[in-house]
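Count along the sequence shown from 1, then add 300; that gives the number in our numbering.
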Amino acid sequence: MITTLTRWLLPVLALAACTHECLAQAPAQAPAQAPRKLNVLFIMSDDMRPDLGCYGHATVKSPNIDRLAARGVRFDRAYCQFPLCNPSRSSMLTGRHPTTTGVLNNLDFFRDLHSDFISLPQYFRAMGYLTLRVGKIYHGSLDDTDSWTEGGEQRKPRKPVDPKQRIKNSDRIVELKGDGEAHGDYKTATKTIELLNKYKDRPFFLACGFTRPHSPPTAPKKFMDMIDPRAVALPKNFAPRPTVPAGYPKGCVTGNGDLFIQRDASEAEARDMIRAYWASVSWTDWNVGRVLAELERLGLADNTIVVFWGDHGYHLGEFGKWAKHGSLFEIGTRVPLIVAAPGAKGNGKASSRPVQSLDIYPTLCELCGLDLPKGLEGHSLKPLLDNPAAKWDHPAFSVYGNAKKVIGLAVRTERYRYAEYDTGPGGAMLFDHANDPHELRNLADDPAVADVRRELTQMLRKQFGTR
Ligand SMILES: [Ca+2]
């Protein structure tokens with residue numbers, strides 16, 4: 301056991317700029333007068349686009365995440381690096397772009413490709429934290445098992461999802477009994493609460509991953525009943541099936557992989573499905589609330605950094621798409637991101653700077669006083685946590701690919717979104733978010749913004765090279 305652990309920690313110690321000094325701060329040996337380490341509570345939701353009250357959504361009730369946003373910094377332009385679970389999570393948890401991890405699907409395990417990468421929980425464990433995992437953090441059974449002090453799951457080989465099963469589930473809405481006690485997400489909150497109680501006196505990095513509102517949309521009846529489906533407005537670019545608008549790149553809208561896979565969505569069914577998704581968001585918020593209430597009850601809120609994050613965006617009928625995979629649109633890549641760091645001067649405010657999921661890793665390191673391990677490709681958000689309007693020269697990048705090949709590249713600045721397919725020959729799309737928040741007008745070939753396109757193309761070349 302000791303040998304295994306030592307072997308595990310050696311690459312961390314070799315790669316991390318901070319070694320013995322940080323380890324000397326390990327909790328068991330820390331003198332009483334040493335400043336107390338900040339804890340980390342990292343809450344994740346699966347497939348949650350920012351349809352939340354704190355993000356200005358008119359219908360969805362999310363009082364608990366709203367309260368967290370009110371005491372932290374809400375990032376209004378936060379983007380995933382790949383619109384699919386495993387590539388997005390592998391990128392965020394290693395702090396590297398998917399083009400670096402090489403993880404472009406839901407089957408590959410980052411450590412099989414890069415045994416030397418130091419994952420976020422692995423680093424915190426090496427730096428003396430208890431690292432605790434509950435629920436979906438890595439994708440499916442691809443857990444980075446040894447990164448966790450507690451909760452790591454034995455890794456099993458991934459099998460592709462049976463397409464027949466996927467189709468069978470594709471139009472399903474799941475109504476739960478009671479408060480949803482029988483569902484895994486309820487149990488995830490309960491287990492997280494148990495771990496908070498168990499380890500409240502030790503520095504911890506606790507990751508709590510909910511699996512909803514991922515399909516099938518799931519919630520107790522009372523959350524479904526909160527929304528009248530007739531009051532649900534369909535998106536401006538609603539279509540009954542995946543539809544590439546005229547003048548858009550052919551590859552910009554791929555098939556449905558989650559809902560309405562093999563048939564058209566009628567408007568009434570679409571409203572009902574959107575209602576169920578929003579109910580699932582509200583139920584997730586309710587479970588988040590259970591965890592945050594316990595954090596406060598235990599007196600841990602003042603020395604715990606709380607992050608709330610979604611792994612990618614989601615189409616609810618925009619361009620006829622009911623899924624996320626393949627979408628380099630705003631709706632496919634934008635995620636909720638809230639960071640509540642004790643004492644941050646920007647708490648209670650929102651930032652409109654474009655930020656990336658892979659910025660979370662260096663942010664948590666800096667907030668916890670840990671030197672950055674080598675190889676991270678994001679930027680600490682600490683300057684924005686202290687001043688949400690601080691100067692910020694970093695755009696956000698996303699890619700999408702299939703199996704082993706990158707197919708599309710996207711860059712988001714504060715104003716524009718630009719995406720290329722097959723890096724140019726497959727076409728491009730350019731949207732001006734100052735005038736077109738729903739991405740209804742592709743300006744890629746508009747001479748009036750040729751200079752903007754040139755600049756955005758250069759950003760993609762600088763980031764990804766000539767592919
Ligand atoms: Ca996901």
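Backbone N, C-alpha and C define an ideal beta-carbon position, used for all residues, glycine too. Only a predicted model underlies this, so the values are computations on that prediction, with no experimental measurement involved.
Got a sec? Which residues, its chain only, sit under 8 Å from L684 by beta carbon, not counting five neighbours each side?
Here residue 684 corresponds to residue number 384 of the sequence shown, with the count starting at 1. Contacts found: V373, F375, G646, S651, R653, V655, A690 and W692.
Of the choices R753, N702 and M344, whose alpha-carbon is the least far from that of G727?
Here the question's residue 727 lines up with position 427 in the sequence shown. Closest by alpha carbon: R753.
With contact counted as at least three CB pairs below 8 Å, one residue from each stretch, are the stretch 568-584 and the stretch 510-527 in contact?
yes
Quick one, are the C-beta atoms of L496 and L559 less than 8 Å apart?
What you label residue 496 is simply residue 196 of the sequence shown in a count that begins at 1. What you label residue 559 is simply residue 259 of the sequence shown in a count that begins at 1. In this structure, L559 does not lie closer than 8 Å to L496 by Cβ.
8 Å contact criterion, which L600 and K500 should meet: CB distance rounded:
Locating residue 600 in the sequence shown gives position 300, where the first residue counts as 1. Locating residue 500 in the sequence shown gives position 200, where the first residue counts as 1. The pair is a contact, with the Cβ atoms about 6 Å apart (cut-off 8 Å).
Quick check on L740: buried or exposed, where buried means 16 or more other Cβ atoms within 10 Å of its Cβ?
Position 440 of the sequence shown, counting from 1, holds the residue named residue 740. So L740 ends up on the exposed side.
Between which two residues does the beta strand (DSSP E) harbouring E481 extend?
Looking up residue 481 in the sequence shown gives position 181. It is not in any beta strand (DSSP E) - E481 carries neither H nor E in the DSSP assignment.
Length of the line joining the Cα atoms of V588 and L442:
Mapped onto the sequence shown, residue 588 falls at position 288. Mapped onto the sequence shown, residue 442 falls at position 142. The alpha-carbon atoms of V588 and L442 are separated by roughly 24 Å.
For V711 versus K621, is the C-beta spacing smaller than 8 Å?
In the sequence shown, the residue the question calls residue 711 occupies position 411. In the sequence shown, the residue the question calls residue 621 occupies position 321. Going by C-beta atoms, V711 is not nearer than 8 Å to K621.
In whole angstroms, what is the alpha-carbon distance linking D479 and K464?
Your numbering for residue 479 matches position 179 in the sequence shown. Your numbering for residue 464 matches position 164 in the sequence shown. For D479 and K464, the distance between alpha carbons rounds to 30 Å.
Need the endpoints of the alpha helix (DSSP H) that S391 sits in, please.
As a first step, residue 391 must be located in the sequence shown, where it is residue number 91. Run containing S391: C385 to T394, per the alpha helix (DSSP H) assignment.
On the CB-based measure, 16 or more other CB atoms within 10 Å of its CB, does P461 come out buried or exposed?
For this step, residue 461 is matched to residue 161 along the sequence shown. The sequence as given places Val at residue 461; Pro does not occur at that position. So V461 ends up on the exposed side.
Take D722 as the anchor and find which of W586, Y716 and V699 has the nearest alpha-carbon.
In the sequence shown, counting from the first residue as 1, residue 722 sits at position 422. Comparing Cα-Cα distances from D722 to each of W586, Y716 and V699, the minimum goes to V699.
N556 - DSSP class collapsed to helix/strand/coil
Position 256 of the sequence shown holds residue 556. DSSP places N556 in coil when its eight states are reduced to three.
8 Å is my cut-off, CB to CB: does L413 come that close to chain D?
Given the protein chain composition of this structure (a single chain), no chain D is represented.
For ligand 1, is there any heavy atom lying closer than 7 Å to the beta carbon of C385?
Within the sequence shown, the letter at position 85 stands for residue 385. C385 Cβ: within cutoff of ligand 1.
Closer than 6 Å by C-beta to V749: which residues in its own chain qualify, once you throw out the five before and the five after it? Chain order, please.
Sequence index remark: in the sequence shown, residue 749 carries index 449 (1-based). The residues are L743.
Based on the DSSP secondary-structure assignment, which residues constitute the bridge partners of C668?
Counted from its first residue, the sequence shown places residue 668 at position 368. DSSP lists no partner for C668.
Have a look at Y379 and R590 and give me their C-alpha separation to the nearest angstrom.
Numbered from 1 along the sequence shown, position 79 holds the residue referred to as residue 379. Numbered from 1 along the sequence shown, position 290 holds the residue referred to as residue 590. Each residue's Cα considered, the two are about 27 Å apart.
For M524 and M759, what's the separation of their Cα atoms in angstroms?
Position 224 of the sequence shown, counted from the start, is the residue given in the question as residue 524. Position 459 of the sequence shown, counted from the start, is the residue given in the question as residue 759. Taking the straight line joining both Cα atoms gives about 44 Å.
List in chain order: all unbroken alpha helix (DSSP H) runs of 4+ residues lying wholly within the stretch 535-608.
567-597
Under 8 Å between the Cβ atoms of Y661 and G435?
Along the sequence shown, read from residue 1 onward, the residue named residue 661 stands at position 361. Along the sequence shown, read from residue 1 onward, the residue named residue 435 stands at position 135. No, they are not a contact pair.
Going by the CB atoms, is the gap between N603 and P642 shorter than 8 Å?
Walking along the sequence shown from the start, residue 642 turns up at place 342. Walking along the sequence shown from the start, residue 603 turns up at place 303. Going by C-beta atoms, P642 is nearer than 8 Å to N603.
Could you tell me if P383 is buried or exposed, where buried requires 16 or more neighbouring beta carbons within 10 angstroms of its beta carbon?
Start at 1 with the first residue of the sequence shown, and residue 383 comes out as number 83. Per the 10 Å Cβ criterion, buried.
Within 10 angstroms of its Cβ, does Q329 collect 16 or more other Cβ (buried), or is it exposed?
On the sequence shown, position 29 is the one that residue 329 refers to. Per-residue confidence for Q329 stands at a pLDDT of 45, beneath the threshold of 50, marking its modelled position as unreliable; the derived number appears in the next sentence. When all chains shown are included, Q329 counts as exposed.
Assign P662 to one of three DSSP states: helix, strand, or coil.
Translated into positions along the sequence shown, residue 662 becomes position 362. P662 falls in the helix class under three-state DSSP.
Mind listing, in chain order, the continuous beta strand (DSSP E) runs of no fewer than 3 residues lying wholly within the stretch 366-442?
373-379 and 430-435
Where does D446 sit, in a helix, a strand or coil, going by DSSP?
For this step, residue 446 is matched to residue 146 along the sequence shown. In this structure, D446 counts as helix in the three-state DSSP scheme.
Measuring from the CB of H615, is there a heavy atom of ligand 1 at a distance below 7 Å?
Along the sequence shown, one-based indexing puts residue 615 at 315. Checking the Cβ of H615 against ligand 1 gives no.
Would you call the stretch 663-673 and the stretch 422-430 touching, i.e. three or more CB-CB distances under 8 Å?
yes
Does A507 pass the burial test, meaning 16 or more other C-beta atoms within 10 Å, or should it be called exposed?
By one-based count along the sequence shown, residue 507 stands at place 207. Looking at its Cβ environment, which holds 16 or more other Cβ atoms inside 10 Å, A507 is buried.
Leaving out the 5 sequence neighbours to the left and right, which residues in its chain are closer than 7 Å to V360 when beta-carbon positions are compared?
Within the sequence shown, numbered from 1, the residue matching residue 360 stands at position 60. Same-chain partners within the cutoff: D351, L352, G353, W578, V581 and S582.
Name the two residues that bound the continuous alpha helix (DSSP H) containing L760.
Along the sequence shown, one-based indexing puts residue 760 at 460. Segment A750 to F764, the alpha helix (DSSP H) holding L760.
With a CB to CB cut of under 6 Å and the five nearest residues on each side skipped, what residues in its chain are close to E481?
Position 181 of the sequence shown, counted from the start, is the residue given in the question as residue 481. Result list for E481: empty, nothing under 6 Å.
In this structure, what does DSSP give as the bridge partners for I527?
Here residue 527 corresponds to residue number 227 of the sequence shown, with the count starting at 1. Answer by DSSP bridge pairing: none, since I527 is not bridged.
Can you give me the C-alpha to C-alpha distance between Q562 and I467, rounded to a whole angstrom?
Translated into positions along the sequence shown, residue 562 becomes position 262. Translated into positions along the sequence shown, residue 467 becomes position 167. Near 7 Å, if we compare the C-alpha coordinates of I467 and Q562.
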